[in-house]
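Heads up: the structure comes next, in structure tokens.
In this note's numbering, the protein residues as written are 11 to 127.
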């Protein structure tokens, strides 16, 4: 699989994940997080930059993408942040003071689906 080599900066962190229906590469530099998706498997030119988020202390770790397209991340260990699919900050929740504060994670899964008549 072809990966990118055309960064304008030296990434501090790189990671692969699924963003929507596409394989995605997220890279973190000193001041930004970029998310790129591969629209066509194994074609280097199909990588498309989808989002560029400012770090400003958030998000140091992107955790997941919700069904509605929002991105949830950790803001350096003291809380959680949520962005919409355009990169706009929607919510920020802090838990504890400083890095020694509590870490909170909520995971909900359901095996139930609505009945269709």
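We treat Cβ as the ideally placed atom computed from N, Cα and C, and that holds for glycine.
- Note on residue 35: 16 or more other CB atoms within 10 angstroms of its CB, so buried under the neighbour-count rule.
- Rounded to whole angstroms, the separation of the alpha carbons of residue 85 and residue 77 is 21 Å.
- Around the C-beta of residue 22, fewer than 16 other C-beta atoms lie within 10 Å, and the residue is accordingly described as exposed.
- Cβ contact annotation for residue 99 (same chain, cutoff 7 Å, sequence separation greater than five): 91, 93, in chain order.
- Along the length of the segment 43 to 69, whole beta strand (DSSP E) runs at least 3 residues long occupy 57 to 64, reported in chain order.
- Residue state for residue 92 is assigned as strand, using DSSP reduced to three classes.
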